[in-house]
Amino acid sequence: MTIRAACFVVLMFILSPAWAQSPFDGLTEGDLADGERLFRVHCARCHGIDGAGGEGSNLVRSKLKHAADDEALIALLGDGIPGTGMPGMWTLDENQRTRVAAYVRTLGRLEAEEMPGDPLRGATIYQSSGGCPACHILEGHGTGIGPELTDVGDRRGLEYLRRSMVEPAAAQSQTMGYQDYLTVRVRTADGSVEGLRVNEDAFTVQVRDIGGVVHSFRKDDLTEFEKVFAHSLMPEYGTVLAANDMDDLISYLMSLRSGE
Ligand code: HEC
Ligand code: HEC
1 MTIRAACFVV LMFILSPAWA QSPFDGLTEG DLADGERLFR VHCARCHGID GAGGEGSNLV
61 RSKLKHAADD EALIALLGDG IPGTGMPGMW TLDENQRTRV AAYVRTLGRL EAEEMPGDPL
121 RGATIYQSSG GCPACHILEG HGTGIGPELT DVGDRRGLEY LRRSMVEPAA AQSQTMGYQD
181 YLTVRVRTAD GSVEGLRVNE DAFTVQVRDI GGVVHSFRKD DLTEFEKVFA HSLMPEYGTV
241 LAANDMDDLI SYLMSLRSGE
């Protein structure tokens with residue numbers, strides 16, 4: 001090595017900050033293959049065998065919203081994302097999480113899932129047929145009894161989106177993190193209300209009806225109080241929309257992504 005090259009190496013060593021080191025340094029091809037195997041066993045049932053998403057987010061993206069860098073990705077796999085359907089992967093040790101994370105990063109270089117229809121037509125259908133904005137907020141418009149859809153294309157993949165349109169109750173009951181969407185029916189001397197349970201304690205229950213109005217009841221005043229599990233307030237659209245309109249609408253939902 002010439003003196004100049006040696007100086008260069010020393011200088012690079014001094015200048016390179018600690019964060020420039022990747023947690024994936026030193027991983028072999030074999031480790032990556034093991035990461036893929038672990039992904040199939042522990043992640044594919046939610047994120048799809050190819051990582052393109054389902055009940056879990058589409059991971060075939062160069063940037064992940066909840067994992068700005070590789071350290072954050074490894075940490076996320078341990079902790080999960082509280083309040084969502086992403087569980088902490090505590091059955092995997094640190095080495096295994098690192099290998100799966102490295103595999104997830106390789107997915108980011110693949111092509112995204114293909115849309116079944118035309119997202120532009122789908123946008124019109126969203127606004128005009130089916131009353132979606134009556135229950136969902138999208139980019140600040142609409143009312144919010146259902147989950148916000150502004151970046152649903154980041155969080156959910158094709159298959160899950162189709163299921164949530166055709167069989168919303170099935171999609172919902174599959175997904176953890178949806179305790180927030182429990183349907184309740186209550187009856188008082190004055191009449192009955194069906195809606196989502198907003199809050200409940202020993203003495204009272206608050207219910208948001210489909211119109212978005214929150215009603216508060218004392219449990220003593222109720223003649224009937226039913227929790228309807230695995231039931232969705234969202235209509236089943238499989239019979240309402242023509243097949244090609246459904247494909248367009250689903251393509252529109254897939255296109256709803258945060259800026260990358
Ligand atoms: C029980 C279903 C389920 C399993 C199992 C699961 N995930 Fe998830 N994951 C989700 C859901 C749902 C989300 C979306 C959370 C949200 O933002 O609402 C998610 C989000 C993520 C994110 C964040 C994506 C982003 O845009 O930032 C990553 C990364 C991730 N999962 C990786 C994994 C990996 C790797 C595994 C396996 C070790 C795994 N998940 C197992 C359901 C799951
Ligand atoms: C009467 C209210 C209502 C209407 C109308 C409605 N939804 Fe929903 N939607 C909900 C609720 C509530 C949920 C939460 C899960 C559940 O309870 O099924 C939901 C869930 C969803 C999900 C799953 C989101 C996720 O992150 O898992 C999608 C996608 C969706 N709706 C799209 C639509 C579209 C598109 C339309 C119009 C064609 C529509 N919804 C009309 C109430 C509604």
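Residue numbers (the numbering used here): 1 to 260. Glycine included, C-beta positions come from ideal geometry on N, C-alpha and C. None of the values given here were measured: they were computed from a predicted structure.
Take the Cβ of residue i as the centre, count every other Cβ of all protein chains shown within 10 Å, and call the residue buried at 16 or more, exposed below.
i           : result
residue 230 : exposed
residue 201 : exposed
residue 98  : buried
residue 247 : buried
residue 77  : buried
residue 232 : buried
residue 249 : buried
residue 156 : buried
residue 140 : exposed
residue 28  : exposed
residue 168 : buried
residue 40  : exposed
residue 208 : buried
residue 204 : exposed
residue 125 : buried
Can you tell which of the options has the C-alpha that lies nearest to the C-alpha of residue i?
i           : options            : result
residue 63  : 43, 46, 92, 108    : 108
residue 163 : 146, 54, 60        : 54
residue 88  : 199, 43, 28, 135   : 43
residue 47  : 252, 135, 159, 199 : 159
residue 224 : 185, 66, 117       : 185
residue 35  : 50, 247, 102, 196  : 102
residue 58  : 219, 32, 86        : 86
residue 130 : 238, 258, 80       : 238
residue 119 : 153, 92, 105, 134  : 153
residue 236 : 33, 125, 74, 170   : 170
residue 244 : 195, 121, 21       : 121
residue 82  : 220, 137, 117, 66  : 66
residue 147 : 253, 37, 22        : 253
residue 136 : 93, 115, 181       : 181
residue 211 : 144, 251, 219      : 144
If you follow the beta strand (DSSP E) that residue i is in, where does it begin and where does it stop?
i           : result
residue 28  : Premise fails: residue 28 is in no beta strand (DSSP E) and is neither H nor E.
residue 187 : 183-188
residue 195 : 191-200
Per DSSP, what kind of secondary structure is residue i in: helix, strand or coil?
i           : result
residue 170 : helix
residue 219 : helix
residue 229 : coil
residue 57  : coil
residue 213 : coil
residue 42  : helix
residue 80  : coil
residue 158 : helix
residue 92  : coil
residue 113 : coil
residue 47  : helix
residue 240 : coil
residue 71  : helix
Where do the N-terminal and C-terminal ends of the alpha helix (DSSP H) with residue i fall, by residue?
i           : result
residue 247 : 243-255
residue 123 : 119-128
Does chain B have any CB closer than 7 Å to the CB of residue i?
i          : result
residue 94 : In summary, chain B is missing from the structure at hand, where a single protein chain is found.
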